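Sequential numbering from 85 applies to the sequence shown in my numbering.
The beta-carbon is built from N, C-alpha and C at its ideal position, and this holds for glycine as well.
Being a predicted model, the structure only gives us computed values, none of them experimental.
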Amino acid sequence: MTTRHVQPRPLPHHLPKDFAQPQSLREALGDAASSVARYRAWLGSLPDTVLHAPVAPGKWSVAEHAHHLIKTSEVFAASMHDLADGRPMVHVDLTSVWPDGRLVAPAPIHPTPGLPRETLLTGLQNAHRELECAARRLESLGLQDVPCVPTGIFEPMTALEAVQLVAGHTLHHLRAPS
């Protein structure tokens, strides 16, 4: 008998930006800062025994999820700085989706395993500061409504949409390990 391995399939189209809502950039940055602070407090409170253990068989660990969040904010901030500096938006192909609906994280936001807790806590704080700096920079240039953050999941996002996604995405990964 042959065992067939299930593989992800290409995402057929961009997903709707259900997370986007009418809000000022200042409010969105406050929401994202609150989400990151809550996540950092949670991450800091976890026992060492669960930090690097997969949250479920075949899944990332809590530490890897934290690094994924860091890399997401860093990539979003870099995309915003590209627009501010007059560089073209990079092209990002559509990602893939597992048969159960889980999305495959694009390669630039894959985590590095084994990072220590302090590195992750500091990284979360620094990545949020960089995201805030980049978003405010676009706002100061009058570019806050220009789509500039490609993801392979959603149509390119504005600074506001990217910050709103970070706020929700951070809380999405705030859950007790299995």
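L167 has its alpha-carbon roughly 8 Å from the corresponding atom of L222.
The three-state secondary structure of P231, taken from DSSP, is coil.
Contact between the region 187-195 and the region 154-173 is present, with at least three C-beta pairs closer than 8 Å.
Excluding residues up to 5 positions away in sequence, A147 and H151 lie with their Cβ nearer than 7 Å to the Cβ of L199 in the same chain. In the three-state reduction of the DSSP assignment, F238 falls in the strand class, which pools E and B. In terms of Cβ geometry, I154 and G114 do not form a close pair [threshold 9 Å]. The Cβ atoms of F238 and L99 sit closer than 9 Å to each other. P192 carries a helical assignment under DSSP once its states are collapsed to helix, strand and coil. Counting every other CB atom within 10 Å of its CB across the protein chains shown gives C217 a total below 16, marking it as exposed. Rounded to the nearest angstrom, the Cβ distance from L95 to S180 is 6 Å, consistent with a contact under 8 Å. Around L204, the same chain offers L127, A147, A150, H151 and I154 as residues with beta carbons nearer than 8 Å, after the five sequence neighbours per side are excluded. Setting aside the 5 residues that flank it on each side, A251 is surrounded in the same chain by A112, D115, A116 and S119, each with a C-beta closer than 7 Å to its C-beta; the list follows chain order. At the C-beta level, Q209 and R124 come within 9 Å of one another. In the three-state scheme derived from DSSP, where H, G and I count as helix and E and B as strand, S224 is classed as helix. Cβ-Cβ distances below 7 Å link E245 to K101 and A104 in the same chain, with the five nearest sequence neighbours on each side left out; the list follows chain order. When only Cα atoms are considered, L215 and M164 end up about 8 Å apart.
Annotation for T254: the continuous alpha helix (DSSP H) segment containing it runs A243 to H256.
Spatial neighbours of L258 in its own chain (CB-CB distance under 6 Å, excluding positions within 5 residues in sequence) are listed in chain order as Y123 and W126.
By DSSP's assignment, R122 forms no beta bridge with any residue.
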